[in-house]
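Read left to right, the sequence shown gives residues 0 to 282 (numbering that gives the first Met the number 0).
Beneath this line is the structure, given in structure tokens, with notes to follow.
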Amino acid sequence: MSELGLLDPTSVRRLAAELDLRPTKQRGQNFVIDANTVRRIVDLAEVTSDDVVLEIGPGLGSLTLGLLEKGATVVAVEIEERLARRLEQTVRERMGDDVAARLHVVEGDALQVEQLPLAPTALVANLPYNVSVPVLLRMFELFPEWSRGLVMVQLEVADRLAAKPGSKIYGVPSAKTAWYAETSLAGTVGPKVFWPAPNVDSGLVRITRRPAPETTATRVQVFEVIDAAFAQRRKMLRAALSGIAGSSAAASAAIEAAGFNPQLRGEMLDVKAFSAIAEQLVR
Numbered sequence: 000m001s002e003l004g005l006l007d008p009t010s011v012r013r014l015a016a017e018l019d020l021r022p023t024k025q026r027g028q029n030f031v032i033d034a035n036t037v038r039r040i041v042d043l044a045e046v047t048s049d050d051v052v053l054e055i056g057p058g059l060g061s062l063t064l065g066l067l068e069k070g071a072t073v074v075a076v077e078i079e080e081r082l083a084r085r086l087e088q089t090v091r092e093r094m095g096d097d098v099a100a101r102l103h104v105v106e107g108d109a110l111q112v113e114q115l116p117l118a119p120t121a122l123v124a125n126l127p128y129n130v131s132v133p134v135l136l137r138m139f140e141l142f143p144e145w146s147r148g149l150v151m152v153q154l155e156v157a158d159r160l161a162a163k164p165g166s167k168i169y170g171v172p173s174a175k176t177a178w179y180a181e182t183s184l185a186g187t188v189g190p191k192v193f194w195p196a197p198n199v200d201s202g203l204v205r206i207t208r209r210p211a212p213e214t215t216a217t218r219v220q221v222f223e224v225i226d227a228a229f230a231q232r233r234k235m236l237r238a239a240l241s242g243i244a245g246s247s248a249a250a251s252a253a254i255e256a257a258g259f260n261p262q263l264r265g266e267m268l269d270v271k272a273f274s275a276i277a278e279q280l281v282r
């Protein structure tokens, strides 16, 4: 049984038994048990010893150990008390005190955390399936210091995060993520490298921060337009936005003033277009 370095399947199951941990679907818990997959993720994320990496949902520490192995400092946000309190001990046991000194554990819900002990330069995480998009959007909003990232999410979610306008799967997650960053699919991960094994493949999404679109509308106002545009995908924009504009005629006028055809559907517009329409709607 491996006792040093990254976790293997035996170590993961031993830790889970020690903590009387039964992974739950409610929290989207699927722990990586393959060291090669961990190193692949860390390599794709281009993590270096200069990085302060924000990790959400470290679980038993598989990815945490991989990030620390690269020399990075890790700020790990873990909601479950047993896991949060065991993580530093796991690192200390497998990599020593010096490496454990580079780990900062924040016990709490990533959807509620307000501050971190260090400003992150990167985000690398195996995000819980059930809250992956809201968590990612919150990390974008609250911690603008990180400039790049790599997240592992359910493959369907990965495809949506990376989708471009005109695609059948382009929607709210695609457009809102584009407010903050460029995204692309960096690879896929099969279910066999997880315990318990999920019923679906996972996808790796590469994230590169960029400035928000230049607009006089606020992010909240632009996101309101995005939500309305995709609330009923088959509707033309003039009908989809009639609720926030006050009428179909007012929506048409705003869309035309922004330079777009009111008969278009939301999936044809990028985040800059939504920003331009939001500007007209809030005048």
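Quick reminder that beta carbons are idealized off the backbone N, C-alpha and C, glycines included.
Note that the coordinates shown come from a computational prediction; the quantities given were computed from them, not determined experimentally.
Between which two residues does the beta strand (DSSP E) holding residue i run?
i    : result
L122 : A121 to N125
E77  : T72 to E77
E283 : Residue 283 falls outside the range modelled here, since the chain spans only 0 to 282, and no answer is possible.
If you compare alpha carbons, which of the options is closest to residue i?
i    : options                   : result
E92  : L6, A228 and G242         : L6
R85  : S61, Q111 and I40         : S61
I40  : E181, T63 and E213        : T63
E80  : G58, E266, V73 and M94    : G58
A277 : A216, V52, S201 and R13   : A216
D226 : E255, P197 and S173       : S173
T36  : S183, G202 and A83        : G202
P210 : T72, W178 and I243        : W178
D200 : A100, V188, P127 and L236 : V188
N198 : Y128, D19 and K234        : Y128
G186 : V105, V192, M151 and I168 : M151
L53  : L3, S10 and N125          : N125
L184 : V192, L18 and A162        : A162
T182 : L115, L149, K191 and L66  : L149
Q220 : V90, I243 and L20         : I243
G70  : A83, V46 and S251         : V46
A180 : A250, A99, L160 and I32   : L160
A121 : M94, L135 and L3          : L135
Determine the burial state of residue i: buried for a count of at least 16 other Cβ atoms within 10 Å of its Cβ, exposed for fewer.
i    : result
F30  : buried
T16  : A small fix is needed here, since residue 16 is Ala in this sequence, not Thr. By the neighbour-count rule (16 or more Cβ atoms within 10 Å), A16 is not buried but exposed.
R232 : exposed
Q262 : exposed
L14  : buried
S166 : exposed
S1   : With a pLDDT of 48 at S1, under the threshold of 50, the modelled position of this residue cannot be trusted; read the value that follows with caution. Exposed is the call here.
P283 : This structure does not reach residue 283, given that the chain is present from 0 up to 282, and the question cannot be answered.
S48  : exposed
R282 : exposed
A75  : buried
D97  : exposed
A272 : buried
G56  : buried
E77  : buried
S274 : buried
Q153 : buried
S10  : buried
V73  : buried
R237 : buried
Q114 : exposed
If I'm right that residue i touches residue j with Cβ under 8 Å, what's the distance once you round it to whole angstroms?
i    : j    : result
L268 : P164 : 6 Å
S146 : R205 : Actually they do not touch by this definition, with Cβ atoms about 12 Å apart.
P119 : E140 : So it is not a contact: roughly 14 Å between Cβ atoms.
V171 : L117 : Going by Cβ atoms, the distance from V171 to L117 rounds to 31 Å, so no, they are not a contact pair.
F229 : G265 : 5 Å
V123 : A44  : 5 Å
V112 : V104 : That pair is no contact at about 12 Å.
R38  : G65  : 6 Å
V270 : P212 : 6 Å
A99  : V90  : 5 Å
What is the residue span of the alpha helix (DSSP H) that residue i lies within?
i    : result
T36  : A34 to L43
E278 : V270 to L280
L20  : Segment: none, L20 is in no alpha helix (DSSP H) and carries neither H nor E.
L240 : Careful: L240 lies outside any alpha helix (DSSP H) and carries neither H nor E.
L6   : First-last for L6: undefined, no H or E at that position.
L62  : S61 to E68
K255 : In the sequence under discussion, the amino acid at residue 255 is Glu, which differs from the Lys named in the question. E255 -> alpha helix (DSSP H) spans S247 to A256.
At which residue ranges does the region 84 to 154 contain complete alpha helix (DSSP H) runs of 4 or more residues, listed in the order of the chain?
96 to 99 and 131 to 141
Report the start-end ranges of each alpha helix (DSSP H) in the region 159 to 235 that is 4 residues or longer and not cut off at the edges.
171 to 179 and 218 to 230
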